[in-house]
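J.:
Structure, rendered in structure tokens:
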């Protein structure tokens, strides 16, 4: 019985092997349609306060230079400072390449804010059959831009956090290029919740910014929403919210002890923000306090 079974399996394997090697049975597919791809998968720009970036150029390529072709694109922005004149690119007859220009409204950039654009090929039913996107190339392109001040050390604070329910030493920094007409300076607590509760904020990079006068007195907290680096249970993230006209918001100091009152806000997976609860955070400037006198 075992012998018959072995002979049967051997025969099946022989037939399968013969079929798979038969040139007449398997027709080879040769790609003859034009292939399209982005030259790069992403472009990232980290700019200083004095750097200019009025636009970003996205290069695309195709596998032929014959004929003029307009290629539709799907473009999404997380902001209002980026824009395009047209959501399509045209390959001129005789050209292997085309370019999309993404314009940037530099005058309205908020320092320290990350701006992104995501660009893909438009795959509607007509274009799916007319255009072929390279399997080995880049089928999407992402642009990220952040413009920030040069931050230099301004000492250390000892922070008491109602949110974290704990205490920690937190570095404080000042923006080298920022001094307004009143002599006010911009400061930030560098990654406070990374130091206060790293299990919830596992990496640095989410800061709390504020403005002081020339004597080191509290002026305001800005911007209005500041991410604290922690994920929310609603699929978004947590923010410290401060609005100078809200009666529950204030920023005060008594000497080197500062009190920040605002609200905790969170976003959902779609990015919609909602206020959650009142916020009160305190810190004492223990090293490098700008209000100290010799």
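Numbering (the working numbering), first residue to last: 46 to 339.
C-beta: ideal position from N, C-alpha, C; glycine also.
1. Report the option in 114, 291, 260 and 227 whose CA atom is closest to the CA atom of residue 135.
2. Measuring alpha carbon to alpha carbon, tell me which residue in 297, 106 and 328 is nearest residue 138.
3. Do residue 100 and residue 146 have their CB atoms nearer than 8 Å?
4. Any idea which residues DSSP pairs residue 307 with across the strands?
5. Taking Cβ positions, are residue 365 and residue 316 nearer each other than 8 Å?
6. Does DSSP put residue 242 in a helix, a strand or coil?
7. Classify residue 219: buried if its beta carbon has 16 or more other beta carbons within 10 angstroms, exposed otherwise.
8. In three-state DSSP terms, what is residue 299?
9. Roughly how many angstroms lie between the CA atoms of residue 209 and residue 248, to the nearest whole one?
10. Use the C-beta contact count for residue 271: other C-beta atoms within 10 angstroms, 16 or more gives buried, fewer gives exposed.
11. Give a yes or no on contact between the region 188-203 and the region 146-160, applying the rule of three or more CB pairs nearer than 8 Å.
12. If we ignore side chains and look at the alpha-carbon of each, how far apart do residue 185 and residue 128 end up?
13. Ignoring anything shorter than 4 residues or poking outside the region 146-224, list the alpha helix (DSSP H) runs there in chain order.
14. Have a look at residue 84 and residue 90 and give me their C-alpha separation to the nearest angstrom.
15. Pick out whichever of 302, 194, 305 and 121 has its Cα sitting closest to the Cα of residue 222.
16. Helix, strand or coil, according to DSSP, for residue 268 in the structure here?
17. In the DSSP assignment, what residue or residues form a beta bridge with residue 105?
18. Using three-state DSSP, classify residue 117 as helix, strand or coil.
19. Can you say whether residue 303 is buried or exposed, counting buried as having 16 or more other CB atoms within 10 angstroms of its CB?
20. Output the distance between the C-alpha atoms of residue 333 and residue 284, rounded to the nearest integer angstrom.
21. How many Å lie between residue 116 and residue 166 at the Cα?
22. For residue 261, which residues of its own chain have a beta-carbon under 7 Å away from its beta-carbon, when the five flanking residues on both sides are left out?
23. Select from 327, 259, 307 and 108 the residue whose C-alpha is nearest the C-alpha of residue 227.
24. Using DSSP's beta-bridge definition, name the partner residues of residue 313.
25. Hey, out of 252, 238, 213 and 237, whose CA is closest to residue 231's CA?
26. Can you tell me the Cα-Cα spacing of residue 217 and residue 80, whole angstroms?
27. Closer than 6 Å by C-beta to residue 211: which residues in its own chain qualify, once you throw out the five before and the five after it? Chain order, please.
28. Could you spell out the range, first to last residue, of the beta strand (DSSP E) harbouring residue 256?
T.: This is what the structure gives:
1. For the options 114, 291, 260 and 227, the alpha carbon positioned closest to that of residue 135 is the one of 114.
2. Comparing Cα positions, the closest option is 106.
3. Judged by beta-carbon spacing, residue 146 lies within the 8 Å limit of residue 100, meaning their Cβ atoms are closer than that value.
4. 324, per the DSSP bridge assignment.
5. Only positions 46 to 339 of the chain appear in this structure, which leaves residue 365 out of reach.
6. DSSP places residue 242 in coil when its eight states are reduced to three.
7. So residue 219 counts as buried.
8. It is a strand residue.
9. Rounded to the nearest whole angstrom, the C-alpha separation of residue 209 and residue 248 is 15 Å.
10. Flag for residue 271 reads buried.
11. Contact holds: three or more Cβ-Cβ distances are below 8 Å.
12. When only Cα atoms are considered, residue 185 and residue 128 end up about 17 Å apart.
13. Listed in chain order, they are 170-175.
14. For residue 84 and residue 90, the distance between alpha carbons rounds to 17 Å.
15. Here the closest residue by C-alpha is 194.
16. Residue 268 falls in the coil class under three-state DSSP.
17. 83 and 143.
18. Residue 117: strand per DSSP, three-state reduction.
19. That one is buried.
20. Roughly 27 Å separates the two Cα atoms.
21. Approximately 8 Å between the Cα atoms of the pair.
22. Counting only Cβ-Cβ distances below 7 Å, and skipping sequence neighbours, we find 334, 335 and 336.
23. Comparing alpha-carbon positions, the option among 327, 259, 307 and 108 lying closest to residue 227 turns out to be 259.
24. Beta-bridge pairing links residue 313 to 280.
25. Nearest of 252, 238, 213 and 237 to residue 231, Cα basis: 252.
26. Separation of residue 217 and residue 80 (C-alpha to C-alpha, rounded to the nearest whole angstrom) is 52 Å.
27. Excluding residues within five positions, the ones whose Cβ falls inside 6 Å are 241.
28. From DSSP, the beta strand (DSSP E) with residue 256 extends over 253-257.
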